[in-house]
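Scroll down for the structure; my scribbles are underneath it.
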Amino acid sequence: MKRIFITLILILSIFSITNAYSEEMHKEYYDSGKILKESHFSNDKKNGLEKIYYENGKISSIKNYKNGTVDGEYIEYYTDGKLKLKGSYKNGLRNGEFKTYLINSKSAGSMFYKNGKEIKSTLTPYMKEDVFFNYSDKTEAQMDIRDKKDGYYHMYYLNGRVMRLVPCNEQGLYDGTFMQYYEGGQLAQKGYFKNGLEEGEFIWYYEDGKIKEKAFYKNGVKQ
């Protein structure tokens, strides 16, 4: 009886230890049912790879986690699968060189970080507007920037719809009619830039098409 009791304790102990360490794969989906995100968890914390997908099935980004903190290589892709950005994190902070590429695979320069702080930049004027460097992870995951087309830089939502049409001149400054859209395709904002400054009337719209707000600018200053 004593042996049976000891054996039972050992079995229960092994069972408890086994269940103390759990691994899970969390998945999120688009409304269409297609995969949006895959994240590895252990002990309720992100550990290992996290992949975010475009709705067309191609990978948008790959990020590594260690005990719930971003740590390791980070890679970002365009909607057609071409490399857009590559760098690494250390203890949740950007560290070292982040290389960027245009949609035609040409280099667009780099950003250099130390403990999360930018110490140097060789980015082209176009890539300085990249959402990766200016928005939170949640926002950047919903956008994709393409190469210059017909005088505009095109920014896209992950579902492939245009988010912004940004007019830029050869100096990389906003110059011309600027338009921004809701994820459903409706016009959200329209205005005009001249040599990097707001000029003239800007209009904001609700998703139903009604005007939300109007403003007039002169040399970048709201009148």
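Per mature numbering (1 follows the signal peptide of the UniProt record, and there is no 0): the sequence shown = residues -22 to -1, 1 to 201. All C-beta atoms in this analysis are idealised placements derived from N, C-alpha and C, irrespective of residue type, glycine included.
Going by C-alpha positions, Lys77 is about 15 angstroms away from Gly50. Comparing C-alpha distances from Ile40 to each of Gly154, Leu61, Gly198 shows the shortest one belongs to Leu61. In this structure, DSSP gives Tyr8 a state outside helix and strand, which the three-state scheme calls coil.
Using a 10 angstroms sphere on the CB of Phe194, the tally of other CB atoms stays under 16, which defines it as exposed. The C-beta distance from Tyr152 to Gly174 rounds to 5 angstroms, short enough to meet the 8 angstroms contact threshold.
The beta carbon of Arg72 lies closer than 6 angstroms to those of Tyr91, Gly94 in the same chain, with the five residues before and after it left out. Separation of the CB atoms of Lys15 and Glu2 is rounded to 14 angstroms, and the pair is thereby denied contact status at 8 angstroms. Taken in chain order, the whole beta strand (DSSP E) runs of length 3 or more contained in the stretch 46 to 102 are 47 to 55, 61 to 68, 74 to 79, 85 to 92, 95 to 99. Within the same chain, Trp182, Tyr183, Tyr184 come within 7 angstroms of Lys190 by CB-CB distance, once the 5 residues on both sides are set aside. Within the same chain, and ignoring the five residues on either side of Gly187 in sequence, the residues whose Cβ sits closer than 7 angstroms to its Cβ are Gln164. Here Asn42 is bridged, per DSSP, to Leu27. The straight-line gap separating the alpha-carbon atoms of Gln167 and Ser66 is approximately 35 angstroms.
A direct Cα-Cα distance of roughly 6 angstroms separates Ser99 from Ser88. Classified as exposed, Arg139 has fewer than 16 neighbouring CB atoms from the shown chains inside 10 Å of its CB. Taking all protein chains shown into account, Ser38 has 16 or more neighbouring C-beta atoms within 10 Å of its C-beta and is therefore buried. Note: Gly154 is bridge-paired with Phe171 in the DSSP secondary-structure output. Boundaries of the beta strand (DSSP E) harbouring Tyr135: 130 to 135, taken from the DSSP string. When DSSP states are grouped into helix, strand and coil, Gly178 belongs to the strand group. For Tyr195, the uninterrupted beta strand (DSSP E) segment begins and ends at 189 to 196. DSSP, reduced to helix, strand and coil, places Arg139 outside both helices and strands of the structure shown, so it counts as coil. Note that the C-beta distance between Tyr43 and Lys24 is below 8 angstroms.
Within the DSSP secondary-structure output, Tyr160 pairs in no beta bridge.
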